[in-house]
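Visitor: First the structure, which I've put down as structure tokens, then a few questions once you've had a look.
Numbering (this note's numbering), first residue to last: 37 to 421.
Rendered as structure tokens:
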């Protein structure tokens, strides 16, 4: 039987041992800091790290701890701290699992980014999609907003056309009628001029045009080049969408272009008769009587006066919206973007270096930079598709 003093000392030692064991566990938990935010270590690995912390100390540590108590008899002596390598060693095992997971996440992120441009391009083609606010609340649909942004129309351009749109809204309803629209562009309603409404998919039975539909019509038509205007006329009278004009369709186009409402109708009629004559028919139309797009383009190139009505209509549209000089500049930027895009296709995405004139113009104007930026965006969309 132990003496009374020694028994108390043993009880005190047991109590100190339990107390210090709880302190040791609490301090080790504090040493292991929580994983940083965004860590890719799985939850089960963190659980294993906590279990490994609660493992009992080794016999060597227990003996060393008891010797410290016996020598000094102090209850406040802390046990030797576990090496810091213990807390680092557990995540190192998790690191062997981490790279495959990180690679899979990076691969998924790369695939999502590579298809983001294609998804955005398909979504922007939806006519009902809301605009993103590039032109504040003036433009409501993403389709119209995307068209204006691609052509480099500024906020000042949109506001100017909006003021003219509101000035011709006689009923102050927020929308204009088709009669008001043709009055704005200084054209009478006829089959040739009504073809402009197809840019906004406006049926003949629709009475009112919103501002977005108005923009789709005038912007698309104002930036057409001469070959695109010729193709516009060809597609307009190709009723069956066969890719060729038969005798009935060609006669309908001839009568429309020779209308007395147009200026210089006599000159237009002379050009049409040259085509309908023996020499003209032999030069441009085959024996089957059909005129395809290639033959139609050759005729338009040799007899441009026959298409004066459509040229004059574009001139009126440009003058009634912004100005002839402003639309000419916008069209030139459009052609420059197409040239840059063609160059990038041939050179695997490489963009041509700046010429001396472009370097000087880039100091004073932002159009050079914007054209190159837009060409790069279009090339990225093609790769994503």
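Built from N, CA and C at the ideal position, the CB exists for glycine as well. A quick note: this is a predicted structure, and the numbers were derived from the prediction, not measured.
Decide yes or no for the touch test of the segment 367 to 380 against the segment 401 to 412: beta carbon pairs closer than 8 Å, at least 3 of them.
Guide: The segment 367 to 380, when compared against the segment 401 to 412, does touch it at the 8 Å Cβ threshold.
Visitor: How about residue 221 and residue 349: are their beta carbons less than 9 Å apart?
Guide: The answer is yes: Cβ separation under 9 Å.
Visitor: Report the residue from 175, 367, 207 and 329 whose alpha carbon sits nearest the alpha carbon of residue 261.
Guide: For residue 261, the nearest C-alpha among the options comes from 367.
Visitor: For the segment 255 to 273 against the segment 202 to 213, are there 3 or more C-beta pairs whose distance is under 8 Å?
Guide: Taking 8 Å as the limit for Cβ pairs, the verdict is that the segment 202 to 213 does not touch the segment 255 to 273.
Visitor: Once DSSP output is grouped into helix, strand and coil, what is the label at residue 261?
Guide: Coil at residue 261, not helix or strand.
Visitor: Roughly how many angstroms lie between the CA atoms of residue 383 and residue 415, to the nearest whole one?
Guide: One C-alpha to the other measures close to 12 Å.
Visitor: How is the alpha helix (DSSP H) around residue 222 delimited, first residue to last?
Guide: Looking at the DSSP string, residue 222 is not in any alpha helix (DSSP H), and its letter there is neither H nor E.
Visitor: If you draw a straight line from the C-alpha of residue 419 to the C-alpha of residue 385, how long is it?
Guide: Rounded to whole angstroms, residue 419 to residue 385 spans 10 Å at the Cα level.
Visitor: Note down, in chain order, each residue of its chain lying with its Cβ closer than 7 Å to the Cβ of residue 233, except the 5 sequence neighbours on either side.
Guide: The answer, listed in chain order, is 253.
Visitor: What's the call for residue 270, buried or exposed, on a 16-neighbour Cβ count within 10 Å?
Guide: Burial call: buried.
Visitor: What are the start and end residues of the alpha helix (DSSP H) that includes residue 193?
Guide: Taken as a continuous stretch (DSSP letters only), the alpha helix (DSSP H) holding residue 193 covers 191 to 203.
Visitor: Counting Cβ pairs, one atom from each stretch, are 3 or more of them under 8 Å apart for the segment 340 to 360 and the segment 226 to 246?
Guide: In short, these stretches touch, since the Cβ pair count reaches three.
Visitor: Taking the alpha carbon of residue 239 as the reference point, which residue from 207, 360, 264 and 213 has its own alpha carbon closest?
Guide: Residue 213 is the option with its Cα nearest to residue 239.
Visitor: Less than 6 Å between C-beta atoms, sequence neighbours within five positions excluded: which residues of the same chain meet that for residue 251?
Guide: Excluding sequence neighbours, residue 251 sits near 180.
Visitor: In terms of residues, what are the limits of the alpha helix (DSSP H) holding residue 398?
Guide: Where residue 398 is concerned, the enclosing alpha helix (DSSP H) stretches over 392 to 400.
Visitor: Would you call the CB atoms of residue 358 and residue 193 closer than 9 Å?
Guide: Yes, these two residues count as a Cβ contact at 9 Å.
Visitor: Between the alpha carbons of residue 277 and residue 379, how many angstroms are there, rounded?
Guide: Each residue's alpha carbon lies about 32 Å from the other.
Visitor: Is residue 406 helix, strand or coil by DSSP?
Guide: If DSSP states are grouped into helix, strand and coil, residue 406 belongs with the helices.
Visitor: Given a threshold of 16 other Cβ atoms within 10 Å of its Cβ, counted over all protein chains shown, does residue 291 qualify as buried or as exposed?
Guide: Exposed, since its Cβ has fewer than 16 Cβ neighbours within 10 Å.
Visitor: Anyone know if the C-beta pair for residue 211 and residue 246 falls short of 9 Å?
Guide: Contact: yes.
Visitor: Look at the alpha carbon of residue 191 and the alpha carbon of residue 286, and state the distance between them as a whole number of angstroms.
Guide: Going from the Cα of residue 191 to the Cα of residue 286 covers about 42 Å.
Visitor: Does the distance from the C-beta atom of residue 327 to that of residue 335 stay below 9 Å?
Guide: In contact: residue 327 and residue 335 (Cβ atoms closer than 9 Å).
Visitor: DSSP state of residue 417, grouped into three classes?
Guide: The answer is helix: DSSP assigns residue 417 an H, G or I state.
Visitor: With DSSP as the reference, label residue 177 as helix, strand or coil.
Guide: Residue state, collapsed to three classes: strand.
Visitor: Mapping the DSSP letters down to three states, classify residue 287 as helix, strand or coil.
Guide: In this structure, residue 287 counts as helix in the three-state DSSP scheme.
Visitor: Give me the Cα-Cα distance between residue 196 and residue 398, rounded to the nearest whole angstrom.
Guide: Their backbone Cα atoms lie some 26 Å apart in a straight line.
Visitor: Which stretch, first to last residue, makes up the alpha helix (DSSP H) that contains residue 357?
Guide: That run of the alpha helix (DSSP H) goes 344 to 357.
Visitor: Tell me, which residues are paired with residue 328 by DSSP?
Guide: Note: residue 328 sits in a beta bridge opposite 280.
Visitor: Which residue comes first and which comes last in the alpha helix (DSSP H) that contains residue 447?
Guide: No information on residue 447 is available, as it lies outside the stretch 37 to 421 that the chain covers here.
Visitor: To the nearest whole angstrom, what separates the beta carbons of residue 177 and residue 165, a pair I think is in contact under 8 Å?
Guide: Contact flag correct, Cβ pair sits at about 7 Å.
Visitor: In three-state DSSP terms, what is residue 339?
Guide: If DSSP states are grouped into helix, strand and coil, residue 339 belongs with coil.
Visitor: Bridge partners of residue 213, per DSSP?
Guide: Answer by DSSP bridge pairing, in chain order: 244.
Visitor: Based on Cα-Cα distance, which residue from 362, 412, 273 and 264 lies nearest to residue 381?
Guide: Checked all of 362, 412, 273 and 264; the closest Cα to residue 381 is 412.
Visitor: Could you check how far apart the C-beta atoms of residue 289 and residue 273 are, in whole angstroms? I think they sit under 8 Å.
Guide: Contact flag correct, Cβ pair sits at about 4 Å.
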